[in-house]
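Q:
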DNA sequence: AATTAAACCCCCCCTTTGGGGGGTAAGTAC
DNA sequence: GTACTTACCCCCCAAAGGGGGGGTTTAATT
């Protein structure tokens with residue numbers, strides 16, 4: 003029997019999930035938390051095989067929390083369960099050690115299949131995310147850490163000069179990054195750049 | 003007994019909701035749809051007292067769908083149930099005829115209280131949204147239709163000249179709107195303006 | 001009926017920033 | 001060895017944005 007812990011702030015959803023999993027016969031829910039803080043207190047005690055993790059937690063980002071969990075309990079297999087279907091989020095979760103990724107409108111059987119797969123040490127992506135990750139790479143934008151930092155500063159409204167001051171570079175270098183970001187994202191100008199950054203959760 | 007229809011693409015959530023409502027004794031679920039298209043086909047037949055409506059539907063915006071439903075079936079009381087906690091979304095839903103608004107991490111009893119209230123013709127906001135709507139109005143930004151249109155065009159990367167051409171105004175007028183938007187949203191420049199627009203769902 | 005508020009529209013001047021076009025070069029990961 | 005990241009530099013001009021100044025129409029409040 004696979005032991006599962008759930009962390010999600012949507013109480014109605016977790017209730018449904020507990021039912022679904024407990025009645026499946028393949029797994030059993032040994033704990034539910036509604037925030038990362040709650041979870042931290044109990045996780046070491048629960049020691050679940052699989053952790054169903056929402057990305058939109060109220061207190062910390064699920065992306066960061068995944069990293070934290072994997073660092074502390076490498077044996078726990080994290081299965082992301084979220085509404086986000088953006089490449090950047092999936093990619094970050096997987097990079098941070100998640101074993102699988104489900105979108106919340108997935109079918110119930112995909113949840114069970116995902117739990118089984120990650121418990122067995124395999125990776126699992128639900129159908130929608132599998133398609134997403136296999137798209138032509140031109141649509142799946144990935145930025146270097148430095149580029150993400152620049153994009154964040156640009157989105158906050160800093161000018162090239164202000165950014166240069168803040169990260170100790172020449173304004174000309176910042177300009178270079180800016181050009182590159184526009185090119186990479188295919189954005190016409192800063193407005194589109196920022197829109198894409200927020201919409202695609204690049205920052 | 004209050005009759006309730008649910009429209010939400012998160013299948014696990016709807017299952018939980020059906021249980022919750024049916025077991026409450028105050029209401030009964032007479033139909034579930036996973037998209038607006040599905041719902042349109044059945045709504046006239048179901049004729050529910052209350053429609054639990056998700057805003058993030060896969061096919062159309064819940065905001066638009068609410069308007070559509072209220073136009074066709076004014077007697078159905080729409081209760082929004084969604085993850086969005088942005089002022090602009092709540093405001094639009096209420097303007098489009100919704101009787102209540104719940105965020106998805108609300109407690110189960112708030113869902114039932116909401117159903118009871120809107121079925122009785124009252125309006126209902128869950129605690130979190132009630133607080134949100136009562137914030138000092140400086141934090142709850144509301145734009146005129148024209149301003150929203152301008153903001154949309156700016157976010158799409160059009161220059162003042164291009165916008166002027168498209169909506170048959172002088173570029174100077176566009177400039178005026180731009181200034182006003184920056185002032186109204188307290189944004190330093192276009193980058194911040196666009197970021198706020200996307201994050202606060204103003205467009 | 002008069003006032004007010006808000007949305008809506010237009011014009012001037014001026015400075016800073018953004019963005020298009022070229023480059024170069026070190027470090028490191030595959 | 002070659003591809004990627006990070007880092008830096010030049011010129012040029014169109015656009016954004018800060019500061020003024022006008023004005024109309026429409027709806028609500030007094």
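Protein chains in written order, with this note's numbering: chain E, 3 to 205; chain Z, 3 to 205. Note that CB positions come from ideal geometry on N, CA and C, so glycine has one too.
1) Buried or exposed: which applies to residue 192 of chain Z, given that a residue is buried once 16 or more other Cβ atoms fall within 10 Å of its Cβ?
2) Spell out whether any CB of chain E is found under 8 Å from the CB atom of residue 11 of chain Z.
3) Would you kindly report the start and end of the unbroken beta strand (DSSP E) that includes residue 143 of chain E?
4) Please report the residue range of the beta strand (DSSP E) in which residue 35 of chain Z lies.
5) For residue 116 of chain E, go through chain Z and note every residue whose CB falls closer than 7 Å to its CB, in chain order.
6) Per DSSP, what kind of secondary structure is residue 204 of chain Z in: helix, strand or coil?
7) Under 9 Å Cβ-Cβ, which residues of chain E neighbour residue 158 of chain Z?
8) Quick one: which unbroken beta strand (DSSP E) runs of 3-plus residues sit fully inside the region 118-173 of chain Z? Chain order, please.
9) List the residues of chain E that residue 151 of chain Z touches, going by C-beta distances under 9 Å, in chain order.
10) Report the three-state DSSP secondary structure of residue 85 of chain Z (helix, strand or coil).
11) Have a look at Z:122, Z:96, Z:175, Z:55 and flag the residue whose alpha-carbon is nearest the alpha-carbon of residue 85 of chain Z.
12) Helix or strand or just coil, what does DSSP make of residue 99 of chain E?
13) Strictly under 8 Å for the Cβ-Cβ distance: is residue 19 of chain Z near chain E by that measure?
14) What residue range is occupied by the uninterrupted beta strand (DSSP E) comprising residue 52 of chain Z?
15) For residue 168 of chain E, which residues from the same chain have a beta carbon less than 8 Å from its beta carbon, with the 5 sequence-adjacent residues on both sides left out?
16) I'd like to check one pair, residue 14 of chain E with residue 19 of chain Z: are the Cβ atoms closer than 8 Å?
17) Assuming contact is defined by CB atoms lying nearer than 8 Å, are residue 31 of chain E and residue 197 of chain Z in contact in what I supplied?
18) Taking 8 Å as the CB-CB cut-off, is residue 34 of chain Z touching chain E?
19) May I have the straight-line CA-CA distance separating residue 201 of chain E from residue 138 of chain E, to the nearest angstrom?
20) Closest to residue 12 of chain Z by CA distance: which of E:11, E:107, E:87 is it?
21) Listing by chain order, which chain E residues have their CB less than 9 Å from the CB of residue 52 of chain Z?
22) Can we say the region 34-50 of chain Z touches the region 99-118 of chain Z, given the rule of at least three CB pairs closer than 8 Å?
23) Please state the DSSP three-state secondary structure of residue 44 of chain Z.
24) What does DSSP give as the partner residues of residue 6 of chain E in its beta bridges?
25) Taking buried to mean at least 16 other C-beta atoms within 10 Å of its own C-beta, is residue 60 of chain Z buried or exposed?
26) Any beta carbon from chain E within less than 8 Å of residue 85 of chain Z's own beta carbon?
27) Which class does residue 15 of chain E belong to by DSSP, given the choice of helix, strand or coil?
28) Between residue 66 of chain Z and the rest of its own chain, which residues show a CB-CB distance below 6 Å, the 5 nearest in sequence each way excluded?
29) Using a Cβ-Cβ distance cut-off of 8 Å, determine whether residue 7 of chain E contacts chain Z.
30) Grouping DSSP H, G and I as helix and E and B as strand, with all else coil, what is residue 62 of chain Z?
31) Return the residues of the region 40-70 of chain Z that lie within a Cβ-Cβ distance of less than 9 Å from chain E, sorted by chain order.
32) When DSSP builds the beta bridges, which residues end up paired with residue 80 of chain Z?
33) Residues of chain E with CB under 9 Å from residue 120 of chain Z, in chain order?
34) Since residue 71 of chain Z and residue 53 of chain Z should fall inside the 8 Å C-beta cutoff, what is the C-beta to C-beta distance between them, to a whole number of angstroms?
35) Work out the CA separation of residue 3 of chain Z and residue 112 of chain Z for me, nearest whole Å.
A: Well, looking at it:
1) Buried, by the Cβ-count rule.
2) Closer than 8 Å: yes.
3) Annotation: residue 143 of chain E is outside any beta strand (DSSP E) and is labelled neither H nor E by DSSP.
4) Start and end: 29-35.
5) Going along chain Z, no residue has its Cβ under 7 Å from residue 116 of chain E, so there is no contact; the nearest lies around 12 Å.
6) In this structure, DSSP gives residue 204 of chain Z a state outside helix and strand, which the three-state scheme calls coil.
7) Those within 9 Å of residue 158 of chain Z in chain E are 190, 193, 194, 197.
8) Runs found: none.
9) Ordered by position in chain E, no residue passes the 9 Å Cβ test against residue 151 of chain Z, which lies about 15 Å from the chain.
10) Coil at residue 85 of chain Z, not helix or strand.
11) Selected option, being the one with the closest Cα: Z:55.
12) Of the three classes helix, strand and coil, the one that applies to residue 99 of chain E here is coil, per DSSP.
13) At a cut-off of 8 Å between beta-carbon atoms, residue 19 of chain Z makes contact with chain E.
14) That run of the beta strand (DSSP E) goes 52-55.
15) Cβ neighbours of residue 168 of chain E within its own chain (closer than 8 Å, five residues either side excluded): 155, 160.
16) One thing to note: residue 19 of chain Z has its Cβ within 8 Å of the Cβ of residue 14 of chain E.
17) Contact: no.
18) Not closer than 8 Å to any Cβ of chain E, the Cβ of residue 34 of chain Z fails to qualify, so no.
19) Rounded to whole angstroms, residue 201 of chain E to residue 138 of chain E spans 19 Å at the Cα level.
20) Minimum Cα distance to residue 12 of chain Z is reached at E:107.
21) Under a criterion of Cβ atoms nearer than 9 Å, no residue of chain E is adjacent to residue 52 of chain Z; the nearest Cβ is some 16 Å distant.
22) Because the criterion of three Cβ pairs below 8 Å is not met, the region 34-50 of chain Z and the region 99-118 of chain Z do not touch.
23) In the structure shown, residue 44 of chain Z falls within a helical segment according to DSSP collapsed to helix, strand and coil.
24) For residue 6 of chain E, which the question treats as bridged, DSSP gives the partners E:31, E:52.
25) By the 16-neighbour rule on beta-carbons within 10 angstroms, residue 60 of chain Z is exposed.
26) Judged by the 8 Å Cβ criterion, residue 85 of chain Z is in contact with chain E.
27) Looking at residue 15 of chain E - three-state DSSP - the assignment turns out to be helix.
28) Shown here for residue 66 of chain Z: not one same chain residue has a beta carbon closer than 6 Å to its own, the five before and five after excluded.
29) Output row for residue 7 of chain E: interface = no.
30) Residue state, collapsed to three classes: coil.
31) Correct list: 58, 60.
32) Looking at the DSSP assignment, residue 80 of chain Z forms a beta bridge with Z:53.
33) None at all; the shortest Cβ gap to chain E is about 17 Å.
34) With a contact defined as Cβ atoms closer than 8 Å, residue 71 of chain Z and residue 53 of chain Z qualify at about 6 Å.
35) Cα to Cα, residue 112 of chain Z sits roughly 18 Å from residue 3 of chain Z.
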